[in-house]
Amino acid sequence: MKIWLILLLLTAQAASAQRIIIDRGHLKAVLENNAARLTAEQGYQRGLNETLSSLKGIQVNLSAVIFTEQLIYNSLAQVDQGLKSALAVRQIGSLTMEIISAGRQVLSQAASSPHLLLFAEQTCRQMAGRGTRLAGEVSDLVLKEGENVLMDFGKRDALLKKISLELKTIRALLYSIQKCMYWAAHRGLLRSVNPFSSFVNTDKRMVENLLLNYKMITKK
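Position one of the sequence shown corresponds to residue 8 (the working numbering), numbered consecutively onward.
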């Protein structure tokens, strides 16, 4: 028992004899490291906030750019539609002038030789029928759709294309009438009326060749 008491006393004296030693250099390094780490974290956070703010600004600017591009695209689309319509109207005007000019030439030829129109009678009927149908279709469409038909790009383009196509057909029919009258005048009325004249001429040439060959054979 005494031994245990002696040991406890010696241990207590040894413990009370220990001193706390502080390494100032190590403590300074630790504090500087913590300060540097804290400063770096704060700088990183500030940089992150600035980056987020810049991204938001970029998003706003991109939205404005996209909106501007949409406006430009819509404007260009409208201008393109307007140009298409203007070109179609210009083409229709040109076709109309050509039809008027060709019609005057046909009337001029018919005034001096009215019998030539007999060779273009069917073509004249086709042209008159197409002109009547075109006027009726345009009138029906305008009456059905009202004034808004010219505001709708699709309906307006379809109407202009229809008019242009029919006018081209009428112009082609007029040219056909002119050609029929021209060839009838130059080949002669009787030759144009007789559809078998070419066959008769061909047969005549064949007979003449046969007779010529026969004469040559008999002479030998």
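Note that CB positions come from ideal geometry on N, CA and C, so glycine has one too.
| Item | Value |
| --- | --- |
| State buried or exposed for Glu-57, treating a residue as buried only when at least 16 other CB atoms are found within 10 Å of its CB. | exposed |
| Quick check on this structure: which residue in Gly-161, Gly-50, Ala-36 and Leu-167 has the alpha carbon closest to the alpha carbon of Val-96? | Leu-167 |
| Closest by CA to Thr-176, which one among Gln-116, Ser-119, Ala-109 and Arg-163? | Ala-109 |
| Applying the criterion that 16 or more other CB atoms from any shown protein chain within 10 Å of the CB defines a buried residue, is Met-188 buried or exposed? | buried |
| Measure the alpha-carbon distance for Ala-191 versus Ser-115 and round it to whole angstroms. | 15 angstroms |
| Assign Ser-101 to one of three DSSP states: helix, strand, or coil. | helix |
| Hey, how far is the Cα of Ala-118 from the Cα of Met-104? | 21 angstroms |
| Helix or strand or just coil, what does DSSP make of Gly-136? | helix |
| Please report how far the alpha carbon of Arg-140 lies from the alpha carbon of His-193, in whole angstroms. | 34 angstroms |
| Buried or exposed: Leu-172, going by 16 or more other Cβ atoms within 10 Å of its Cβ? | exposed |
| Compute the Euclidean distance between the alpha carbons of Leu-174 and Ile-106, then round it to the nearest angstrom. | 8 angstroms |
| Can you check whether the CB of Gln-112 is closer than 8 angstroms to the CB of Gln-185? | yes |
| Using DSSP with H/G/I as helix, E/B as strand and the rest coil, what is Ser-120? | coil |
| Excluding sequence positions up to five away, which residues of its chain have a Cβ less than 8 angstroms from the Cβ of Arg-137? | Glu-173, Thr-176, Ile-177 and Leu-180 |
| Who are the near neighbours of Ser-60 in its chain, counting only those whose CB is closer than 8 angstroms to its CB and skipping five residues on each side? | none |
| Drop a sphere of 10 angstroms on the beta-carbon of Leu-197, count the other beta-carbons inside from all chains shown, and report buried for 16 or more, exposed for fewer. | In this prediction, Leu-197 scores a pLDDT of 47, lower than 50, which makes its location untrustworthy; the coordinate-derived value is nonetheless stated afterwards. Per the 10 Å Cβ criterion, exposed. |
| Have a look at Gly-54 and Ala-43 and give me their C-alpha separation to the nearest angstrom. | 16 angstroms |
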